[in-house]
Structures are given as C-alpha cells and as structure tokens.
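Visitor: Got a structure here, written out as structure tokens. Questions coming.
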Amino acid sequence: MNEVVPTKAHATQKDNARELKNLLLFFNDPPAPLEAIEPKHVSQYLRHRGKAAPIRANREKALLSSIWNFARENGYTSSANPCSGVKGNKETGRDIYVEDDVLARAYQHADQPLRDALDLFYLTGQRVADTLKMDERDIKDGKLSVQQGKTGAKRRIEIIGELKVVIDRIMARKAGHKIRSTRLVVIDSGQPMTTSMLRKRFDDAREAAGIPKAEFQMRDLRAKAATDKEESTGSIREARDQLGHTTVGMTEQYIRMRKGMKVTPTK
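Quick note on numbering that gives the first Met the number 0: the sequence shown kicks off at 0 and runs consecutively.
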C-alpha cells in the first residue's frame with residue numbers, strides 16, 4: 000500500500016485508505032497468512048460487506064486484487080490471486096436525472112457561496128473536487144483550465160455565455176472580501192470552500208427544499224450537464240469532450256441511463 004497508493008490521485012488515495020480498513024477488519028483479525036486466503040474467503044467477504052455496502056465491497060475486492068498482484072510481482076507470495084474468478088455484487092449504476100425544477104428548488108434555499116458552486120458544477124460539467132480547486136490563476140485568454148484529479152485529463156473551458164456571467168459575478172463578490180483567495184469557490188469570509196463546508200450547505204439546502212437525498216446528490220449535476228449538453232447540441236462528442244471521457248460509449252451509457260434515449264415517433 001505504501002508503495003502503490005501514493006502514485007494514485009488524491010481522492011483515490013482517500014478511498015483506498017477507507018477500503019483497506021474494512022479489508023483488515025476481515026482478513027487481519029486475526030491475521031490470515033497470504034497462502035491461507037482462498038477465493039471462497041473473498042466470496043465470504045463480499046457477502047459479509049454486501050449486506051451494508053455492496054458497491055463499496057466491490058471496490059474493496061478490487062483493492063485486494065491490486066495488492067495481491069503487487070505482492071506476487073515483488074516476491075511476497077507465489078499464490079494465485081484469490082479474487083480471480085470471484086463475481087462481485089451486482090451494480091446497477093445511478094440513473095437519476097435532476098430536472099430543472101428540482102435544481103431550482105435547492106438553489107432557492109442555497110446561500111451565495113453554494114450557488115456559485117452549483118453553477119460551476121453544472122456549467123463546466125466537472126467533478127465536485129475539481130470544481131472546488133478552480134482558481135483565478137487557471138484563467139487565461141478567456142479560458143478556464145482544468146486538470147481532472149481522477150483521470151489527469153486536461154480541459155480548457157471557454158468562458159462564454161452563462162459561465163462568463165457566473166465567473167464575473169464571483170469576481171465581483173470576491174472583490175469586497177478582506178481575505179483574498181484566488182480560488183473561485185469561496186465562503187462569505189473570502190476563504191476557500193472545503194468539501195465539508197460544501198456538503199453541509201448542500202445538505203441543508205436540499206433538506207429545506209424538501210428534496211429526498213436519493214433524488215439529488217451533487218454528483219448528479221455532472222450527469223445533468225452532459226445530458227443537457229448532448230440534447231442542446233445534438234452531439235454526444237461535445238458532451239464526451241466536456242466530461243473528459245475517453246470514449247463516446249462511456250458518455251452514452253452515462254447519459255442514457257439517466258434520462259433515456261431521445262427518439263421520434265413511428266409517424
């Protein structure tokens with residue numbers, strides 16, 4: 000772990016740290032020699048963790064497999080990977096499309112810092128973590144440069160239309176702050192908004208709007224952005240490019256399962 004995890008994106012490192020804790024609770028209490036771990040034990044783990052967190056259990060299995068492969072490559076064990084051939088828990092994927100009226104209800108109960116964040120999430124189509132890192136210093140020649148933390152993909156987003164209105168509004172609000180941060184998403188004191196600050200604000204606004212958690216999560220705005228982009232331009236490739244996906248197929252699956260494919264009648 001100490002040799003492999005530091006090479007991954009920061010968000011992935013945090014996920015792996017949480018996943019490892021759960022793996023250790025099962026496989027290291029009491030400690031199990033590598034040679035004693037068999038596919039049946041991995042299946043038992045998936046059933047055990049699957050009762051509370053089936054999808055997370057799959058991610059933890061993937062981490063165990065990665066650790067095992069590293070151990071084989073570096074001579075810690077010659078045993079076959081016990082994860083091989085073991086089916087994970089069924090995943091259906093999230094299929095929520097946030098309608099405009101639902102977003103408007105949450106927006107109505109949001110303070111200005113949260114509104115800035117929601118606008119940037121939707122208009123840029125970037126992940127929450129990447130949006131919170133957006134910085135004035137990333138703006139050059141009328142474009143906002145973003146490097147995605149998860150994939151490393153780079154995008155230069157044109158600052159035009161509604162995005163220009165939002166960024167101009169943000170800059171005007173920041174001009175009155177005593178504390179001057181170069182981050183775009185800041186709280187009323189001028190300090191950068193953290194993930195925990197964002198989470199609290201969003202949860203409060205969603206609750207005040209009477210929206211169930213299952214119907215609207217912050218990550219849904221990225222899918223909404225892609226869906227709306229594809230429908231407004233008629234180009235799945237433009238949506239793919241905005242999200243930073245490597246293939247059109249990935250974007251198609253991401254969009255279609257949210258709102259459904261747009262079709263015409265027989266006549």
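Ideal placement from N, C-alpha and C gives every residue a C-beta, glycine not left out.
By DSSP's criteria, ARG182 is part of a beta bridge. Which residues make up the other side?
Guide: DSSP lists ASP134 as partners of ARG182.
Visitor: Skipping 5 residues on each side, what residues in its chain have a beta carbon closer than 6 Å to that of GLY49?
Guide: Cβ within range, chain order: ALA56 and ASN88.
Visitor: From the DSSP secondary-structure annotation, give me the bridge partner or partners of GLU229.
Guide: Paired residue(s): none; GLU229 is not in a bridge.
Visitor: Taking the C-alpha atoms as reference points, what is the distance between ASP140 and LEU24?
Guide: If I take the Cα positions, the gap works out to 52 Å.
Visitor: Does the distance from the C-beta atom of GLY248 to that of ARG154 stay below 9 Å?
Guide: No, the Cβ-Cβ distance between GLY248 and ARG154 is not below 9 Å.
Visitor: How is ASN73 classed by DSSP in three states: helix, strand or coil?
Guide: DSSP places ASN73 in coil when its eight states are reduced to three.
Visitor: Keeping to the same chain, check which residues put their C-beta closer than 6 Å to that of ALA208; ignore five residues upstream and five downstream.
Guide: Same-chain partners within the cutoff: ARG104, ALA105 and HIS108.
Visitor: With three or more beta-carbon pairs closer than 8 Å as the criterion, would you say the stretch 118 to 125 touches the stretch 73 to 91?
Guide: Short answer: they don't touch.
Visitor: Closest to THR181 by C-alpha separation, out of THR130, ASP134 and ARG71, would be which residue?
Guide: Of THR130, ASP134 and ARG71, the residue nearest in Cα terms is ASP134.
Visitor: Could you give the DSSP three-state label for SER64: helix, strand or coil?
Guide: It is helical.
Visitor: By the DSSP assignment, the beta strand (DSSP E) with LYS142 in it spans what residues?
Guide: Its beta strand (DSSP E) spans residues 142 to 146.
Visitor: Around the C-beta of TYR75, are 16 or more other C-beta atoms found within 10 angstroms, so that it is buried, or is it exposed?
Guide: Flag for TYR75 reads exposed.
Visitor: Measuring only the C-alpha atoms, how far is ASP227 from GLU37?
Guide: ASP227 and GLU37: Cα-Cα distance of roughly 47 Å.
Visitor: Confirm, please, whether the CB-CB distance from ASP219 to VAL97 is below 9 Å.
Guide: In contact: VAL97 and ASP219 (Cβ atoms closer than 9 Å).
Visitor: What is the rounded straight-line gap between the Cα of PRO112 and the Cα of ASP187?
Guide: About 7 Å.
Visitor: Taking the alpha carbon of LEU143 as the reference point, which residue from LYS149, SER65, ILE166 and GLU237 has its own alpha carbon closest?
Guide: Looking at the Cα atoms, ILE166 is the closest of the given residues.
Visitor: Can you tell me the Cα-Cα spacing of GLU214 and ASN27, whole angstroms?
Guide: Going by the C-alpha atoms only, they are around 38 Å apart.
Visitor: In chain order, what residues of the same chain lie with their CB nearer than 7 Å to the CB of ASN21, ignoring the 5 residues before and after it?
Guide: Excluding positions up to five away in sequence, the list reads ARG48 and GLU59.
Visitor: Do VAL184 and ASP115 come within 9 Å of each other at the CB atom, strictly closer than that value?
Guide: Yes. Within cutoff.
Visitor: Going by Cα to Cα distance, which pick from ARG172, LYS86 and ASP14 is closest to LYS39?
Guide: Taking only the C-alpha atoms, the option nearest LYS39 is LYS86.
Visitor: Could you name the residues of the same chain whose beta carbon sits closer than 6 Å to that of ALA70, not counting the 5 residues immediately before and after it, in chain order?
Guide: The residues are THR76.
Visitor: Hey, how far is the Cα of ILE178 from the Cα of SER195?
Guide: Roughly 20 Å separates the two Cα atoms.
Visitor: Select from GLU251, ARG221, THR246 and LEU62 the residue whose C-alpha is nearest the C-alpha of ASP14.
Guide: Among GLU251, ARG221, THR246 and LEU62, the Cα nearest to that of ASP14 belongs to LEU62.
Visitor: Among CYS82, ALA171 and VAL164, which residue has its Cα nearest to the Cα of TYR44?
Guide: When only C-alpha atoms are compared, the closest one is CYS82.
Visitor: Exposed or buried, what is ARG198 when buried is set at 16 or more other beta-carbons lying within 10 Å of its beta-carbon?
Guide: Exposed is the call here.
Visitor: With which residues is ASN27 paired in a DSSP beta bridge?
Guide: The partner list for ASN27 (beta bridge, DSSP) reads PRO30.
Visitor: Restricting to Cα atoms, I'd like to know which of ALA52, THR11, ILE66 and GLU230 is closest to GLY259.
Guide: When only C-alpha atoms are compared, the closest one is GLU230.
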